[in-house]
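K.L.:
Using the working numbering, the first residue of the sequence shown is number 20, and each one after it goes up by one.
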Amino acid sequence: MPLHVSFSAPAKINLSLDIVGRRPDGYHLLATVMQSIDLADQVTITVFEQHGDGEPIHIRCTQVGIPRDKQNTVWKAAALFCDAAALDLSPASGFGLRIDLDKRVPAAAGLGGGSSDAAAVLRALDFLFPGRVGPSDLDRLALEVGADVPFCLHGGTLFCEGIGERLTDLPPWPGLPLLLCAPSSPLLTRQVFAAYRESHMIARPDTAAVLRAVRTRNLTALADSSANVLEAVSLAQLPQLSSIKANLLDCGAVMAQMSGSGPAVYGLFASDEACRQAADAMKHRLPDDVRLFACHTVAAGPQQLRDGG
């Protein structure tokens, strides 16, 4: 019987995002607080017998338009893990990997969906082949896959620096209610970063104050000190983001901000009841092409699902 296991792949939001420099190779250096939320994809990996010259890694996905080949970060994550773990995926090995993606996180929205899927693949393979790859090597593989993958591998509440490889633990802040608004128009991360200019910033976060607010779970202080420096770029490309933010605040959000490079915008609320009331109101204010999700923050990254094996 084939071996298989399922893991959740939680989306992330950026509670604050600053760009503090740029490497010689062009990568921007970040100072950002990332937070996992309970909106999540489901990633299932099945190890099966394979004979012949078929592809060793098969990807199936519930969402149209998601690459099912080497372009997908989950393919890269699986291939890197197998190489590091000395798992033979050649036709002569007699086995292959099937990766099933149940997509629930909007793609190209600034929510780290693809990165979290890749992190879940690393966790799932580490579960199926324990002891083959050490924790530090797993972190190294995560960074090799992509800049947000190290955070997604651990999840929870973390301060991330560099290109995402330097992680500092923060006190977990689970259960914080939020509304997530995801326009259907995608924004490609590389294009938003390419268009970023410091002179175009609307506001810059006070990162020290943001960290104090997170450590003390002071939502008002977080709202007063936080910002996302990429908002100006994304707002220029998708002006409707401004009205989404304004509506979230008008409906009672303590703070509203774009996540990552966008276009997803979230609002944080002081209570579940305030969030529920805002959700009812926002349904009548958002255009048809904007999806609305009621979520909570969570304290961890990918978790094994009970129906996964």
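Note that CB positions come from ideal geometry on N, CA and C, so glycine has one too.
Which residue from Met301, Ala298, Val252, Ala300 puts its Cα closest to that of Met277?
P.N.:
Working through the sequence shown from its first residue, we reach residue 277 at position 258. When each option's Cα is compared against that of Met277, the closest is Val252.
K.L.:
How would you write the range of the beta strand (DSSP E) that Ser35 sits in, first residue to last?
P.N.:
In the sequence shown, counting from the first residue as 1, residue 35 sits at position 16. It spans 22–41 - the beta strand (DSSP E) in which Ser35 sits, taken as one unbroken run.
K.L.:
Taking 8 Å as the limit between beta carbons, can you name the residues of its chain near His47, skipping five residues before and five after?
P.N.:
By 1-based counting over the sequence shown, the position of residue 47 is 28. Cβ within range, chain order: Ile38, Gly40, Arg41, Ile182, Phe212, Tyr215.
K.L.:
At which residue ranges does the stretch 50–106 contain complete beta strand (DSSP E) runs of 3 or more residues, listed in the order of the chain?
P.N.:
DSSP runs (the beta strand (DSSP E)) wholly in the stretch 50–106: 76–80.
K.L.:
Can you say whether Lys89 is buried or exposed, counting buried as having 16 or more other CB atoms within 10 angstroms of its CB?
P.N.:
On the sequence shown, position 70 is the one that residue 89 refers to. Exposed.
K.L.:
Kindly give me the distance between the Cβ atoms of Pro321 and Phe26, rounded to whole angstroms, as I take these residues to be in contact under 8 Å.
P.N.:
Taking the first residue of the sequence shown as 1, we reach residue 321 at position 302. Taking the first residue of the sequence shown as 1, we reach residue 26 at position 7. Contact holds; Cβ gap of about 4 Å.
K.L.:
Identify, in the order they occur along the chain, each residue of the same chain with its Cβ nearer than 8 Å to the Cβ of Asp145, setting aside the five sequence neighbours on each side.
P.N.:
By 1-based counting over the sequence shown, the position of residue 145 is 126. Around Asp145: Phe100, Arg151, Val152, Leu157.
K.L.:
Rounded to whole angstroms, what is the Cα-Cα separation between Ala318 and Asp57?
P.N.:
Against the sequence shown, residue 318 aligns to sequence position 299. Against the sequence shown, residue 57 aligns to sequence position 38. Looking at the two C-alpha atoms, the distance is approximately 9 Å.
K.L.:
How big is the Cα-Cα spacing for Val83 and Gln61?
P.N.:
Sequence index remark: in the sequence shown, residue 83 carries index 64 (1-based). Sequence index remark: in the sequence shown, residue 61 carries index 42 (1-based). Val83 and Gln61: Cα-Cα distance of roughly 16 Å.
K.L.:
In three-state terms, what does DSSP make of Leu257?
P.N.:
The residue given as residue 257 occupies position 238 in the sequence shown. The answer is coil: DSSP assigns Leu257 none of H, G, I, E or B.
K.L.:
For Leu267, count the other beta carbons within 10 Å of its own beta carbon; 16 or more makes it buried, fewer makes it exposed. Which is it?
P.N.:
The residue you call residue 267 lines up with position 248 of the sequence shown. Flag for Leu267 reads buried.
K.L.:
Can you tell me the Cα-Cα spacing of Gly115 and Leu324, whole angstroms?
P.N.:
Here residue 115 refers to the residue found at position 96 when the sequence shown is read from its first residue. Here residue 324 refers to the residue found at position 305 when the sequence shown is read from its first residue. Going from the Cα of Gly115 to the Cα of Leu324 covers about 22 Å.
K.L.:
Arg6 by DSSP, collapsed to three states: which one?
P.N.:
Since the first residue shown for the chain is 20 and the last is 328, residue 6 is missing from the structure and cannot be characterised.
K.L.:
Touching or not, the stretch 241–259 and the stretch 201–208, by the rule of three or more beta carbon pairs under 8 Å?
P.N.:
With the cut-off at 8 Å, the stretch 241–259 and the stretch 201–208 touch.
K.L.:
Between Pro224 and Ile32, what straight-line distance do the alpha-carbon atoms span, to the nearest angstrom?
P.N.:
Within the sequence shown, numbered from 1, the residue matching residue 224 stands at position 205. Within the sequence shown, numbered from 1, the residue matching residue 32 stands at position 13. Straight-line Cα distance between these residues: approximately 15 Å.
K.L.:
Tell me which same chain residues have a C-beta within less than 6 Å of the C-beta of Pro193, skipping the five on either side of it?
P.N.:
Your numbering for residue 193 matches position 174 in the sequence shown. So the qualifying residues of the chain are Thr316, Val317, Ala318.
K.L.:
What span of residues does the beta strand (DSSP E) with His303 cover, start to end?
P.N.:
Residue 303 sits at position 284 when you count from the first residue of the sequence shown. Neither: His303 is in no beta strand (DSSP E) and is coded neither H nor E.
K.L.:
Quick one: residues in its chain with C-beta nearer than 7 Å to the C-beta of Phe170, no 5 flanking neighbours on either side, listed in chain order?
P.N.:
Numbered from its first residue, the sequence shown carries residue 170 at position 151. Once the five neighbours on either side are set aside, the close Cβ partners of Phe170 are Lys31, Met53, Leu177, Cys179, Gly183, Leu186.
K.L.:
In angstroms, rounded to a whole number, what distance separates the CA positions of Gly113 and Gly133?
P.N.:
As a position in the sequence shown, residue 113 is number 94, starting the count at 1. As a position in the sequence shown, residue 133 is number 114, starting the count at 1. In a straight line, the C-alpha of Gly113 is about 29 Å away from that of Gly133.
K.L.:
Let me confirm a value: Ser109 is counted as buried when at least 16 other C-beta atoms fall within 10 Å, else exposed. Which label applies?
P.N.:
Against the sequence shown, residue 109 aligns to sequence position 90. Exposed: under 16 other Cβ atoms inside 10 Å.
K.L.:
Could you give the DSSP three-state label for Pro202: helix, strand or coil?
P.N.:
Stepping through the sequence shown from its first residue, residue 202 is reached at position 183. Strand at Pro202.
K.L.:
How is Pro154 classed by DSSP in three states: helix, strand or coil?
P.N.:
Position 135 of the sequence shown, counting from 1, holds the residue named residue 154. Looking at Pro154 - three-state DSSP - the assignment turns out to be helix.
K.L.:
I'd like to confirm the pairing. Which residues does DSSP put opposite Gly286 in its beta bridges?
P.N.:
Here residue 286 corresponds to residue number 267 of the sequence shown, with the count starting at 1. Bridge partners of Gly286: Leu198, Ala275.
K.L.:
Which residues mark the beginning and the end of the beta strand (DSSP E) in which Gly115 is found?
P.N.:
Locating residue 115 in the sequence shown gives position 96, where the first residue counts as 1. Residues 114–121.
K.L.:
Roughly how many angstroms separate the alpha carbons of Asp243 and Val229, rounded to a whole number?
P.N.:
One-based indexing of the sequence shown puts residue 243 at position 224. One-based indexing of the sequence shown puts residue 229 at position 210. When rounded, the distance between both Cα atoms is 9 Å.
K.L.:
Quick one: grab the DSSP three-state call for Leu172.
P.N.:
On the sequence shown, residue 172 is found 153 positions in, with the first residue counted as 1. Three-state result, Leu172: helix.
K.L.:
Of all the options Gln296, Glu250, Lys122, Ala97, which has the alpha carbon lying nearest to the alpha carbon of Ala28?
P.N.:
To locate residue 28, count along the sequence shown from 1; it is residue 9. It is Lys122.
K.L.:
Curious, which full-length alpha helix (DSSP H) runs of at least 4 residues does the stretch 207–238 contain?
P.N.:
Those alpha helix (DSSP H) runs which fall completely within the stretch 207–238 and span 4+ residues are 208–214, 226–235.
K.L.:
Helix, strand or coil: how does DSSP classify Leu48 here?
P.N.:
Position 29 of the sequence shown, counted from the first residue, corresponds to residue 48. Here Leu48 sits in strand by DSSP.
K.L.:
Would Thr239 be called buried (16 or more neighbouring beta carbons within 10 Å of its own) or exposed?
P.N.:
Stepping through the sequence shown from its first residue, residue 239 is reached at position 220. That one is exposed.
K.L.:
Looking only at C-alpha atoms, which of Arg231, Gly271, Phe148, Val284 sits nearest to Ala105?
P.N.:
Residue 105 sits at position 86 when you count from the first residue of the sequence shown. Comparing Cα positions, the closest option is Phe148.
K.L.:
I'd like to know whether the C-beta atoms of Ile64 and Ile118 end up nearer to each other than 7 Å.
P.N.:
Your numbering for residue 64 matches position 45 in the sequence shown. Your numbering for residue 118 matches position 99 in the sequence shown. Taking 7 Å as the Cβ cut-off, Ile64 and Ile118 qualify as a contacting pair.
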